[in-house]
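Student: One structure coming up, written as structure tokens, with questions to follow.
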Amino acid sequence: MSIRTRFAPSPTGFLHVGGARTALFNWLYARKFGGKLILRIEDTDEKRNTEEAHAVIYQGLSWLGIDWDEGPDKGGDYGPYRQSERNEIYTKHFEKLKADGHLYEDGGAFRFRSPRKTVQVEDLVCGKIAFDMSNPATHPDMTIRRPDGSWIFHFVNVVDDIEMKMTHVIRGEDHLSNTPKHIELYQALGAEPPKFAHIPLILNKEGKKLSKRDGGSSITHFIDGGYVPEAVANYLCLLGWSPKDNREELSVAEILELFDLSGINRRNAIFDLDKCFWLNGQHILHMDPARFVELAKPYIDQAEVLYGTTEALAPVLALAQPKIKHLSDLPAWVSFFFTEDFPVDPEASEKVLQKEGAKGRIEALSAALNALSDWNHAALETTLKATATALGVKAGELVHPARVAVSGRSVGPGLYEMLELLGKERVLARLARAAAQAA
RNA sequence: GGCGCGUUCGUCUAGGGGUUAGGACACAGCCCUCUCAAGGCUGGUGCACGGGUUCAAAUCCCGUACGCGCUGCCA
Numbered sequence: 034m035s036i037r038t039r040f041a042p043s044p045t046g047f048l049h050v051g052g053a054r055t056a057l058f059n060w061l062y063a064r065k066f067g068g069k070l071i072l073r074i075e076d077t078d079e080k081r082n083t084e085e086a087h088a089v090i091y092q093g094l095s096w097l098g099i100d101w102d103e104g105p106d107k108g109g110d111y112g113p114y115r116q117s118e119r120n121e122i123y124t125k126h127f128e129k130l131k132a133d134g135h136l137y138e139d140g141g142a143f144r145f146r147s148p149r150k151t152v153q154v155e156d157l158v159c160g161k162i163a164f165d166m167s168n169p170a171t172h173p174d175m176t177i178r179r180p181d182g183s184w185i186f187h188f189v190n191v192v193d194d195i196e197m198k199m200t201h202v203i204r205g206e207d208h209l210s211n212t213p214k215h216i217e218l219y220q221a222l223g224a225e226p227p228k229f230a231h232i233p234l235i236l237n238k239e240g241k242k243l244s245k246r247d248g249g250s251s252i253t254h255f256i257d258g259g260y261v262p263e264a265v266a267n268y269l270c271l272l273g274w275s276p277k278d279n280r281e282e283l284s285v286a287e288i289l290e291l292f293d294l295s296g297i298n299r300r301n302a303i304f305d306l307d308k309c310f311w312l313n314g315q316h317i318l319h320m321d322p323a324r325f326v327e328l329a330k331p332y333i334d335q336a337e338v339l340y341g342t343t344e345a346l347a348p349v350l351a352l353a354q355p356k357i358k359h360l361s362d363l364p365a366w367v368s369f370f371f372t373e374d375f376p377v378d379p380e381a382s383e384k385v386l387q388k389e390g391a392k393g394r395i396e397a398l399s400a401a402l403n404a405l406s407d408w409n410h411a412a413l414e415t416t417l418k419a420t421a422t423a424l425g426v427k428a429g430e431l432v433h434p435a436r437v438a439v440s441g442r443s444v445g446p447g448l449y450e451m452l453e454l455l456g457k458e459r460v461l462a463r464l465a466r467a468a469a470q471a472a
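The number in my numbering is simply the position in the first sequence, starting from 1, with 33 added.
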């Protein structure tokens, strides 16, 4: 039987990193073993059920590179894929349970009568666990329908997993204790329970369940914050799973190759934003330049940098790619390439341009560069160093003023590469302008 | 309270009877260097505790503590 996994979020208007990681593991498992991933929206609580809330889920998953085979937006053979549209199906199963004597009424609500036996859970991550359900005081009969006719999570979740032919339920460990109840429901409905895999939870720095208030708990934070999706997906996979060979930076293809449920550990993990940040820099450093351009463009566009064509932008980005850790840092690294009206960092200007003798050194460098016919970074370096020697100063005494003169900043790409790309004319003009203001 | 799961550097993890307990992030120092990164080198901190089993336990068993989860007419 072909594998079917699912991600079943509630449309809260917020895609939690824990949920995203659950989705990722379901996706990896389905893709690795040629199965299908189903997206089901658990929107029985109508109050927070909005189109925007659905969009947040679709966008967050897509951004991470997760695609699904069936879902509200895709259709499929087992729809509808929103619980709010599945009332008839729930009613059908409810009537069956009722007819078979599994239900009883309690204050207008309906409860499921537990068989009161020991339930064995065979979890692919946690192993075999026996739950003694015999004591009603500790395991009360669960409610499955409220007096107003609305449904309770446990019931609709199980009905949907049966109807949608799920073979594997991969979900957060917070559901492990609910699993025996779910198995009782499967059995009462005459269905074979799926395989379960409960994955450890993601905690905040205080060791508590990651909540909305915690920085970085929403995928939106990463989308808006200049992260690259492959790095975030990589990091999320490293929480509770590892390739076991000391590698940290992994492509999705590599993870797909190594991933299996049996490799997931049972220990809750604290989310470490620092490490995610580091991994982001590693992915940027090593990614294909074309991919970098693709990811960088929206940030450049948003900053309204008038770069003209992609062909003009690409070489500039190539200088920034090995140095930055966040895509949102990009505008400051590229904007001065495309305008003469770039901002000048007052602190850098004060420290470098106003330094004793800066004017003379800039003018000397300018003269030397003016005489240079072969404008490439190697020749630029040779010329600058020769000029420094002639002046009897360290190369840095020319490098720093030149950097501030052409970019307005004290940090940036390698100077010689930057000068080469800027071109002789612009470099000389900017040096002249800086010399006029220097001490 | 009851039930379930867990506990290896601050954090993420590898190791699952014999290891100088490995890697990564972060931190500190050094090297490289035009800035910032990257890279290289070095350093410190860790098997929760107590009992067993065993020639030998981080590793297996029991207990304790602590953490997390569930215990809803939330999902």
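All C-beta atoms, glycine included, are put in the ideal place defined by N, C-alpha and C.
Would T422 pass as a contact of L402 if the rule is Cβ separation under 8 angstroms?
Tutor: One-based indexing of the first sequence puts residue 422 at position 389. One-based indexing of the first sequence puts residue 402 at position 369. Contact flag unset, no.
Student: Could you have a look at E251 and say whether DSSP puts it in helix, strand or coil?
Tutor: In the first sequence, counting from the first residue as 1, residue 251 sits at position 218. Residue identity differs from the one stated: residue 251 is Ser in this sequence, not Glu. If DSSP states are grouped into helix, strand and coil, S251 belongs with the strands.
Student: Return helix, strand or coil for A404, following the three-state DSSP convention.
Tutor: Locating residue 404 in the first sequence gives position 371, where the first residue counts as 1. In the structure shown, A404 sits in coil (DSSP, three-state: anything other than H, G, I, E or B).
Student: Of all the options K356, A391, R463, K242, which has the alpha carbon lying nearest to the alpha carbon of A472?
Tutor: Residue 472 sits at position 439 when you count from the first residue of the first sequence. Looking at the Cα atoms, A391 is the closest of the given residues.
Student: Taking the straight line between their C-alpha atoms, what separation do you get for N59 and V432?
Tutor: Position 26 of the first sequence, counted from the first residue, corresponds to residue 59. Position 399 of the first sequence, counted from the first residue, corresponds to residue 432. Answer to the nearest angstrom: the Cα atoms are 52 angstroms apart.
Student: Label M34 either buried or exposed according to how many other C-beta atoms from any shown protein chain fall within 10 Å of its C-beta, with 16 as the threshold for buried.
Tutor: As a working mapping, residue 34 is identified with position 1 in the first sequence. With fewer than 16 Cβ atoms within 10 Å of its Cβ, M34 is classed as exposed.
Student: Nearest by alpha-carbon distance to S443: which of V460, L398, P376 is it?
Tutor: Position 410 of the first sequence, counted from the start, is the residue given in the question as residue 443. Among V460, L398, P376, the Cα nearest to that of S443 is on P376.
Student: Measuring CB to CB, does L352 end up less than 8 angstroms from L157?
Tutor: Residue 352 sits at position 319 when you count from the first residue of the first sequence. Residue 157 sits at position 124 when you count from the first residue of the first sequence. Cβ distance not < 8 angstroms, so L352 and L157 don't count as in contact.
Student: Keeping to the same chain, check which residues put their C-beta closer than 6 angstroms to that of E206; ignore five residues upstream and five downstream.
Tutor: Numbered from 1 along the first sequence, position 173 holds the residue referred to as residue 206. H231, P233, L234.
Student: When the Cα atoms are used, what is the spatial distance from P44 to T343?
Tutor: Here residue 44 refers to the residue found at position 11 when the first sequence is read from its first residue. Here residue 343 refers to the residue found at position 310 when the first sequence is read from its first residue. Using only the alpha carbons, I get a separation of about 38 angstroms.
Student: Name the DSSP beta bridge partners of T176, please?
Tutor: Taking the first residue of the first sequence as 1, we reach residue 176 at position 143. DSSP lists R144 as partners of T176.
Student: Helix or strand or just coil, what does DSSP make of F40?
Tutor: The residue given as residue 40 occupies position 7 in the first sequence. In this structure, F40 counts as strand in the three-state DSSP scheme.
Student: Mapping the DSSP letters down to three states, classify E430 as helix, strand or coil.
Tutor: Taking the first residue of the first sequence as 1, we reach residue 430 at position 397. E430: helix per DSSP, three-state reduction.
Student: Given this structure, state the Cα-to-Cα distance separating T176 from R119, to the nearest angstrom.
Tutor: In the first sequence, residue 176 corresponds to position 143, counting from 1. In the first sequence, residue 119 corresponds to position 86, counting from 1. About 19 angstroms.
Student: So what does E155 bridge to, in DSSP terms?
Tutor: As a position in the first sequence, residue 155 is number 122, starting the count at 1. Looking at the DSSP assignment, E155 forms a beta bridge with K161.
Student: Would you mind working out which of P364, A438, E155 sits nearest L386, comparing C-alpha positions?
Tutor: Taking the first sequence and counting its residues from 1, one reaches residue 386 at position 353. Answer by Cα proximity: A438.
Student: What are the partner residues of F229, as DSSP defines its beta bridges?
Tutor: One-based indexing of the first sequence puts residue 229 at position 196. DSSP lists D156, V202 as partners of F229.
Student: I'd like to know whether the C-beta atoms of F188 and L236 end up nearer to each other than 8 angstroms.
Tutor: For this step, residue 188 is matched to residue 155 along the first sequence. For this step, residue 236 is matched to residue 203 along the first sequence. Cβ distance not < 8 angstroms, so F188 and L236 don't count as in contact.
Student: For A351, which beta-bridge partners are listed by DSSP?
Tutor: In the first sequence, the residue the question calls residue 351 occupies position 318. The partner list for A351 (beta bridge, DSSP) is empty, contrary to what the question assumes.
Student: Are A264 and N313 touching if we call contact CB-CB under 8 angstroms?
Tutor: Taking the first residue of the first sequence as position 1, residue 264 is located at position 231. Taking the first residue of the first sequence as position 1, residue 313 is located at position 280. Contact: yes.
Student: Give every residue of the same chain whose Cβ lies closer than 7 angstroms to the Cβ of V285, excluding the five residues on either side of it in the sequence, and list them in chain order.
Tutor: Counted from its first residue, the first sequence places residue 285 at position 252. Closer than 7 angstroms at the Cβ level, and outside the excluded window around V285, lie G98, E263, A266.
Student: Does the Cβ of E103 have 16 or more other Cβ atoms within 10 Å, making it buried, or fewer, making it exposed?
Tutor: On the first sequence, position 70 is the one that residue 103 refers to. Classification for E103: buried.
Student: Less than 8 angstroms between the C-beta atoms of T151 and D174, yes or no?
Tutor: Within the first sequence, the letter at position 118 stands for residue 151. Within the first sequence, the letter at position 141 stands for residue 174. No. Outside cutoff.
Student: Could you give the DSSP three-state label for K358: helix, strand or coil?
Tutor: One-based indexing of the first sequence puts residue 358 at position 325. In the structure shown, K358 sits in coil (DSSP, three-state: anything other than H, G, I, E or B).
Student: Go through the segment 94-134 residue by residue and report every complete run of the alpha helix (DSSP H) that reaches 4 residues or more, in order.
Tutor: Here the runs fully enclosed are 120-132.
Student: Can you tell me which of K418, G393, G447, S440 puts its alpha carbon nearest to the alpha carbon of A468?
Tutor: Locating residue 468 in the first sequence gives position 435, where the first residue counts as 1. Out of K418, G393, G447, S440, G393 has the C-alpha closest to the C-alpha of A468.
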